[in-house]
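Be aware that the sequence shown starts at 281, since it is given in this note's numbering, and climbs by one per residue.
No residue lacks a Cβ here, since even glycine has one placed at the ideal position from N, Cα and C.
Just so we're clear, the structure is a prediction, and the values are computed from it rather than from any experiment.
Okay, structure first, notes after.
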Amino acid sequence: MKMQFLVSKSLLATATCPISYYLVRQELERQPVFWLLLMSSWDQITRRVFWSLMHQMIDVVRNKIKMFAQKKVTLPPGRHKVVILDEADSMTTGAQQALRRTMEIYSNTTRFALACNTSSKIIEPIQSRCAIVRFSRLTDQEILGRLMVVIQAEKVPYVPEGLEAIIFTADGDMRQALNNLQATYSGFRFVNQDNVFKVCDQPHPLHVKNVVRNVLEGKFDDACAGLKQLYDLGYSPTDIITTLFRIIKNYDMAEYLKLEFMKETGFAHMRICDGVGSYLQLCGLLAKLSMVRETAKAP
Numbered sequence: 281m282k283m284q285f286l287v288s289k290s291l292l293a294t295a296t297c298p299i300s301y302y303l304v305r306q307e308l309e310r311q312p313v314f315w316l317l318l319m320s321s322w323d324q325i326t327r328r329v330f331w332s333l334m335h336q337m338i339d340v341v342r343n344k345i346k347m348f349a350q351k352k353v354t355l356p357p358g359r360h361k362v363v364i365l366d367e368a369d370s371m372t373t374g375a376q377q378a379l380r381r382t383m384e385i386y387s388n389t390t391r392f393a394l395a396c397n398t399s400s401k402i403i404e405p406i407q408s409r410c411a412i413v414r415f416s417r418l419t420d421q422e423i424l425g426r427l428m429v430v431i432q433a434e435k436v437p438y439v440p441e442g443l444e445a446i447i448f449t450a451d452g453d454m455r456q457a458l459n460n461l462q463a464t465y466s467g468f469r470f471v472n473q474d475n476v477f478k479v480c481d482q483p484h485p486l487h488v489k490n491v492v493r494n495v496l497e498g499k500f501d502d503a504c505a506g507l508k509q510l511y512d513l514g515y516s517p518t519d520i521i522t523t524l525f526r527i528i529k530n531y532d533m534a535e536y537l538k539l540e541f542m543k544e545t546g547f548a549h550m551r552i553c554d555g556v557g558s559y560l561q562l563c564g565l566l567a568k569l570s571m572v573r574e575t576a577k578a579p
């Protein structure tokens, strides 16, 4: 699940960067209630907060971070001040340009660490000044081990199937796993499979697995009916096809067939990401998978 910057009615939950999150909340709390009521539309509110956010984010980099870098601190030899920016890829280009200059001037006294999900969103001048360290996705066993530490410390009641569901929905993201665990316990006081998928609001893997099974058995109408049921429940095509891809990847089928299924699913996912996210597109994918089942040949 990728973080993105949204400027709409959910403004308080939009910015993932601590700097931008602080600025959005500060901007909204500073505005009187009557000012919001006088605005003719959310577009005007969005535009005002957006530009205010952009300018203030640059000011934070130019002032607060710069002031910290300028501060004289007596440290042992080889020790430096450290600035850590989490979710740095959500910073605007202007803020990154201001940060680049600060990094360049105070490189002798201050070290900068930028954590991001997508390094390509960091401007090239900053990338060239950093040593890029890439971390692999956590394994299921590593996530399970950390979840057990939290569960034992907080005395959370659970069943093993519930932990499997949390690991499935986290998809290698430890932060997401902990959030899902906390949300499930807060909502139901018990961690099992059904409660996890209710909280995470993702298609249940068993339903998606039944769709794949019907395709493999040549029951195209049943597969479409199962897909229609998920679609009518309100799940987005992106969530459905993402879960479908993960089910196919782990499904017990012939290797050549699995490769063809994953290829067609990838093409459909690309079209959905381009904006063609309709039920017709999902049914077209099932038709493609059914044709692949009939025509694919073992090597």
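Residue i in three-state terms, based on DSSP
| i | result |
| --- | --- |
| residue 363 | strand |
| residue 526 | helix |
| residue 438 | strand |
| residue 576 | coil |
| residue 500 | helix |
| residue 470 | coil |
| residue 507 | helix |
| residue 518 | helix |
| residue 395 | coil |
| residue 390 | strand |
| residue 411 | coil |
| residue 369 | helix |
| residue 554 | coil |
| residue 533 | coil |
Residue i versus residue j: straight-line alpha-carbon distance, rounded
| i | j | result |
| --- | --- | --- |
| residue 299 | residue 464 | For residue 299, the predicted model reports a pLDDT of 43, less than 50, meaning its position is unreliable and no value from the coordinates is stated. |
| residue 558 | residue 568 | 16 Å |
| residue 543 | residue 563 | 16 Å |
| residue 566 | residue 503 | 8 Å |
| residue 482 | residue 550 | 20 Å |
| residue 419 | residue 526 | 15 Å |
| residue 398 | residue 530 | 26 Å |
| residue 381 | residue 358 | 23 Å |
| residue 491 | residue 506 | 6 Å |
| residue 515 | residue 455 | 23 Å |
| residue 547 | residue 521 | 11 Å |
| residue 301 | residue 367 | Caution applies to residue 301, whose pLDDT of 41 falls short of 50 and renders its modelled position unreliable; the model cannot decide the point. |
| residue 430 | residue 501 | 44 Å |
Residue burial classification, residue i (beta-carbon count within 10 angstroms, cutoff 16)
| i | result |
| --- | --- |
| residue 314 | Low confidence applies to residue 314: its pLDDT is 41, below 50, so where it sits in the model is not reliable, and the reading given next is rough at best. Exposed. |
| residue 437 | exposed |
| residue 416 | exposed |
| residue 425 | exposed |
| residue 571 | exposed |
| residue 370 | buried |
| residue 517 | buried |
| residue 533 | exposed |
| residue 347 | exposed |
| residue 312 | For residue 312, the predicted structure reports a pLDDT of 43, less than 50, and the residue's modelled location is therefore unreliable. The matter cannot be settled from this model. |
| residue 575 | exposed |
Neighbourhood of residue i by C-beta, 8 Å cutoff - its chain only, sequence neighbours within 5 removed
| i | result |
| --- | --- |
| residue 573 | 495, 496, 498 and 537 |
| residue 469 | 437 |
| residue 528 | 492, 538, 541, 542 and 545 |
| residue 384 | 409 |
Sequence-distant residues of its chain with Cβ nearer than 6 Å to residue i (five each side left out)
| i | result |
| --- | --- |
| residue 467 | 479 |
| residue 560 | none |
| residue 511 | 559 |
| residue 439 | 472 |
| residue 452 | 417 and 418 |
Beta-carbon proximity check, residue i vs residue j, cutoff 8 Å
| i | j | result |
| --- | --- | --- |
| residue 471 | residue 449 | no |
| residue 386 | residue 349 | yes |
| residue 406 | residue 379 | yes |
| residue 403 | residue 394 | no |
| residue 524 | residue 488 | yes |
| residue 390 | residue 363 | yes |
| residue 441 | residue 473 | yes |
| residue 344 | residue 353 | no |
Neighbourhood of residue i by C-beta distance below 7 Å, restricted to the same chain and skipping five residues each side
| i | result |
| --- | --- |
| residue 427 | 443, 446, 457 and 461 |
| residue 484 | 477 |
| residue 373 | 403 |
| residue 396 | 367, 368, 369 and 402 |
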